[in-house]
Amino acid sequence: MISLDPFFTPFDCKSLHLANRFVMAPMSRYFAPGGILSQESADYYRRRIEGGVAAVITEGVSVDRPGAVAADTVPSFYGEEGLAAFASATADIHRAGGAMIPQLWHVGGCEDFNFPDSPHPPLESPSGLVGPDIPGGRVMTSTDIDEVIASFARGAVEAQLMGCDAVELHGAHGYLFDQFFWTATNKRDDRYGGDDIAQRGRFAADCVAAVRAAVGPDFTIIFRISQWKTYQYDAKIANNPAELERWVAPLSEAGVDIFHCSERRFWESAFPEEDDRNLAGWTKHITAKPTITVGSVGLDRDLMEDFVAGESVPTLKSMDELVRRFERGDFDLVAVGRALLADPNWLQKVRAGAVDQLLPYSKACMETLY
Ligand SMILES: Cc1cc2nc3c(=O)[nH]c(=O)nc-3n(C[C@H](O)[C@H](O)[C@H](O)COP(=O)(O)O)c2cc1C
2 MISLDPFFTP
12 FDCKSLHLAN
22 RFVMAPMSRY
32 FAPGGILSQE
42 SADYYRRRIE
52 GGVAAVITEG
62 VSVDRPGAVA
72 ADTVPSFYGE
82 EGLAAFASAT
92 ADIHRAGGAM
102 IPQLWHVGGC
112 EDFNFPDSPH
122 PPLESPSGLV
132 GPDIPGGRVM
142 TSTDIDEVIA
152 SFARGAVEAQ
162 LMGCDAVELH
172 GAHGYLFDQF
182 FWTATNKRDD
192 RYGGDDIAQR
202 GRFAADCVAA
212 VRAAVGPDFT
222 IIFRISQWKT
232 YQYDAKIANN
242 PAELERWVAP
252 LSEAGVDIFH
262 CSERRFWESA
272 FPEEDDRNLA
282 GWTKHITAKP
292 TITVGSVGLD
302 RDLMEDFVAG
312 ESVPTLKSMD
322 ELVRRFERGD
332 FDLVAVGRAL
342 LADPNWLQKV
352 RAGAVDQLLP
362 YSKACMETLY
């Protein structure tokens, strides 16, 4: 049996104090009628903490900006009622002994592929594109950019005021920040565009700097990045470590404390011509900041294969590889998505080696908040 003991050690980073190295990955659930996080959602999150993970990174939540999200069942992280619901969920999570990390989200020009017919205010994006020649959103003016940055800063302050342990900015998967990062979706010729990723990264860096100025030096800021996009699985922002450095170093300098490196399979090399390190390993090497790895931990199929078909079977086959990379110092935390969505007690079972008791993940799991 594989020992997961190395992961059962505390982790501290500014305001974030974790009992072990496992966190729940952010997963949109669309169970927030009228944009208000429901008690059922809060209970669902609390059960994951009771099942042993150290922190919940919530589903993407809407910042206070019209058209930040494209479905009306995404929780709002603004307004009296919306914030009260999150404050209550945060208190529940703290009582259960875990940490609460809301993921602040702005979709840019992306319609919600789960709910394409949901009503929403007009969308906005860097250049009116969400993929190569795929239109989405109106082109943002410099005033729009300033207002969006301010909305992220407000969201982070609200998180800090209600006692959350950290905040995550969703910079991955083809949404707003990523639309600035990606050449296919950023054709701007102002301060926020350009041939170099360091230029296209300025919007995110300015936003992180504004968040940092608003929350002060001691509140933990996590930033999520990915190479892959919902519109193109094989897209790349950084083709080599030098480009990755020009992408993540300015974000680190602007105030990111932890990078959450989203990959579909954690064991895959980010730059196969270099070595076997994944995106979290390389980002930690470049920035010297802690990183979170994620991607098919405990399952036999990746996220995208699941969207297309069937059921992912639980497996602990890749756990020894997870331990090997962790002990090598490639990353500090492990985010678990679908395996934990399917089973709140996943971690307890995994630690006990009870593979036969693990529950499979299928689309049916999306229908309830078990
Ligand atoms: C149903 C579902 C919803 C998701 N929603 C989000 C989201 O709101 N924000 C985000 O950054 N990633 C989201 N993801 C991606 C997950 O955070 C995670 O990176 C991905 O599922 C891979 O981890 P896994 O293989 O452990 O599931 C979602 C994934 C799933 C399956």
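Reading the sequence shown from the start, the letters are residues 2 to 371 in this note's numbering. All C-beta atoms in this analysis are idealised placements derived from N, C-alpha and C, irrespective of residue type, glycine included.
Between which two residues does the alpha helix (DSSP H) containing residue 248 stretch? As a position in the sequence shown, residue 248 is number 247, starting the count at 1. Note, residue 248: alpha helix (DSSP H), 242-255.
Is residue 238 closer than 7 Å to residue 153 when the C-beta atoms are compared? In the sequence shown, counting from the first residue as 1, residue 153 sits at position 152. In the sequence shown, counting from the first residue as 1, residue 238 sits at position 237. It is not a contact, given that the beta carbons lie outside the stated cut-off.
Could you check if residue 312 belongs to the surroundings of ligand 1, using beta carbon to heavy atom distance under 6 Å? Counting from one through the sequence shown, the residue named residue 312 turns up at place 311. Residue 312: no, Cβ never under 6 Å from ligand 1.
Enclosing beta strand (DSSP E) for residue 169 [first to last residue]: Sequence index remark: in the sequence shown, residue 169 carries index 168 (1-based). Where residue 169 is concerned, the enclosing beta strand (DSSP E) stretches over 167-171.
Given residue 109 as reference, the closest of 217, 149, 371 once Cα atoms are compared: What you label residue 109 is simply residue 108 of the sequence shown in a count that begins at 1. Out of 217, 149, 371, 149 has the C-alpha closest to the C-alpha of residue 109.
Pick from 362, 319, 58, 161 that is closest to residue 23, judged by C-alpha positions: Sequence index remark: in the sequence shown, residue 23 carries index 22 (1-based). With distances taken between Cα atoms, residue 23 lies closest to 58.
Using a threshold of 6 Å, is the CB atom of residue 168 nearer than that to any non-hydrogen atom of ligand 1? Sequence index remark: in the sequence shown, residue 168 carries index 167 (1-based). No.
Residue 139 in three-state terms, based on DSSP: Taking the sequence shown and counting its residues from 1, the one referred to as residue 139 is at position 138. Here residue 139 sits in strand by DSSP.
Taking a contact to mean a Cβ-Cβ separation below 7 Å, would you say residue 102 touches residue 167 in this structure? Within the sequence shown, the letter at position 101 stands for residue 102. Within the sequence shown, the letter at position 166 stands for residue 167. Yes, the pair counts as a contact, with Cβ atoms nearer than the cut-off.
For residue 60 and residue 27, believed in contact at Cβ under 8 Å, the rounded distance: Locating residue 27 in the sequence shown gives position 26, where the first residue counts as 1. Locating residue 60 in the sequence shown gives position 59, where the first residue counts as 1. Taking the Cβ atoms as the reference, residue 27 lies roughly 6 Å from residue 60, within the contact range of under 8 Å.
Going straight from the alpha carbon of residue 42 to that of residue 300, what length do you get? Position 41 of the sequence shown holds residue 42. Position 299 of the sequence shown holds residue 300. Residue 42 and residue 300: Cα-Cα distance of roughly 24 Å.
Beta-carbon proximity of residue 248 to residue 202, cut-off 7 Å: Locating residue 248 in the sequence shown gives position 247, counting from the first residue. Locating residue 202 in the sequence shown gives position 201, counting from the first residue. Yes, Cβ-Cβ distance for residue 248 and residue 202 is below 7 Å.
For residue 253 versus residue 294, is the C-beta spacing smaller than 7 Å? Taking the sequence shown and counting its residues from 1, one reaches residue 253 at position 252. Taking the sequence shown and counting its residues from 1, one reaches residue 294 at position 293. Result no, Cβ atoms of residue 253 and residue 294 do not sit closer than 7 Å.
Could you tell me which residues DSSP puts in a beta bridge with residue 58? Residue 58 sits at position 57 when you count from the first residue of the sequence shown. In the DSSP output, where bridge partners are listed per residue, residue 58 has 102.
What are the boundary residues of the alpha helix (DSSP H) that residue 37 is part of? Sequence index remark: in the sequence shown, residue 37 carries index 36 (1-based). Here residue 37 belongs to no alpha helix (DSSP H), and DSSP marks it neither H nor E.
For residue 29, verify whether its CB is less than 6 Å away from any heavy atom of ligand 1. The residue given as residue 29 occupies position 28 in the sequence shown. At least one heavy atom of ligand 1 is nearer than 6 Å to the Cβ of residue 29, so yes.
So, for residue 373: in the same chain, excluding its five sequence neighbours on each side, which residues have a beta-carbon less than 6 Å away from its beta-carbon? With the chain covering 2 to 371 only, the question about residue 373 has no answer from this structure.
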